[in-house]
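To keep things clear, I will list the structure first and then write my remarks on it.
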Amino acid sequence: MNFNFFKRKLITVAGFEKEDFDNLRNIYSGTYKNKKYRYIDISIFFTKKRTENITLKKINNFIVDIERIENNIENIIISSYSDSNSVINEFANLLFSEIPQEKITELGIDFTKENISKKVILENVEMHPNQTKYFARFNYSFFKEINRYSLSFFVNEKGIVLEKKINNEFEDFYNEVIKLAKDSAEHWEYIHSPDFEKWINNFNKIKTENFSKEILNWKEEIHYKIADIILFSDNKYLNINTLYTHLFILTKNKEDSEYLFENLFSCLYHLEDTDKSLELLFKVKEKLLLEFNFNENNKEISEINNLIEKYQTPSTNS
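So the sequence shown is numbered by UniProt numbering: it starts at 1 and just counts up by one.
So this is what it looks like as structure tokens:
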């Protein structure tokens, strides 16, 4: 097939055609339609100041060849079902343990390992033309909306599979926060935080519930970093005020706690999880008395006492 990816713009990105290909240091994403008229999301990650023309040709040729590579990987997935130690069986076992039985019944999923091996869906392709280890990563999922795991195949520029890996979306989130937390405060606030907010906003109800439980077991430095991300999230399934209060309680660093304290009371007045509100209020009070050196006469402690009384009084809650 004879065409040029950059001229034909199989991936359409505003401003891409104006880019100087000798100075590519960005991520470009878009959609490619294959021969089956199926759309595939593709992202190209450029990490070097200079990208040689030969690399651009490799990208062009690779995109043309994606359908063949995809078919090859799907054959690997299906054939590996017979191997009990294969990555697809490990993937299936994780799904069995994670997805609630009632959800399986509700969706009418034929939830057998063999069916999973035939029904994994290609979510997207990440191209890394400047990577020394691999050229592209094909990411597959099975009922992405109700589980956290995906399956990745790393391939070279010829489409030969080099490595297979199971990804945990929550772990990926955690690792990204750890990696990017070292950037400047300005970079974090204006670039990274909005990206993490979008990530959380895309979680459905089940993922949100699982995510909310899991983050409470993460390192303290993560709690502080993601507290504002939680606070400003648009995820309708997220108990923002309750979760923010949990993160405040778990944060031990005095300076970090003082920062989170600024938004604490707006959350305390709107706690969503009424069954645990009393427990949270007592823990907040204890933290303020011990770590902030407040006393019973402080205005903040009085406010918390009023809230505690509200939740302890049946007539107020009826």
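We put the CB at the ideal spot given by N, CA and C, even for glycine.
CA-to-CA distance, LEU288 to LYS310, given in whole angstroms:
20 Å
Taking Cβ positions, are SER141 and ILE121 nearer each other than 7 Å?
yes
Outcome for PRO129 when other beta-carbon atoms lying within 10 angstroms are tallied against a minimum of 16
buried
Under 7 Å between the Cβ atoms of PHE170 and ARG148?
yes
Which of helix, strand or coil does DSSP assign to ASN85?
coil
For PHE232, count neighbouring C-beta atoms within 10 Å of its own C-beta (all shown protein chains included) and say buried if the count is 16 or more, exposed if not.
exposed
Please give the ranges of any alpha helix (DSSP H) in the stretch 165–190, keeping only runs that are unbroken, at least 4 residues long and fully inside the region.
169–180
Considering only their Cβ atoms, is the gap separating LEU264 from PHE248 smaller than 7 Å?
yes
Compute the Euclidean distance between the alpha carbons of PHE292 and PHE203, then round it to the nearest angstrom.
35 Å
Ordered along the chain, which non-local residues of its own chain (more than five positions away) have a Cβ less than 8 Å from that of SER257?
PHE248, THR251, LYS287, GLU291, PHE292
Cutoff 8 Å; reference LYS285; Cβ partners in own chain excluding five residues on either side
ILE301, ILE304, ASN305, ILE308
Identify whether LYS198 lies in helix, strand or coil by the three-state DSSP scheme.
helix
Can you tell me whether ILE44 is helix, strand or coil according to DSSP?
strand
Local conformation of ILE160 per DSSP, three classes
coil
My assumption, with CB atoms under 8 Å, is that ILE226 sits in contact with PHE196. Please give the rounded CB distance.
7 Å
Can you tell me which of the three DSSP states ASN4 falls into?
Residue placement at ASN4 is poorly supported in this model, since its pLDDT is 45, which falls under 50; the coordinates are not used for a value here.
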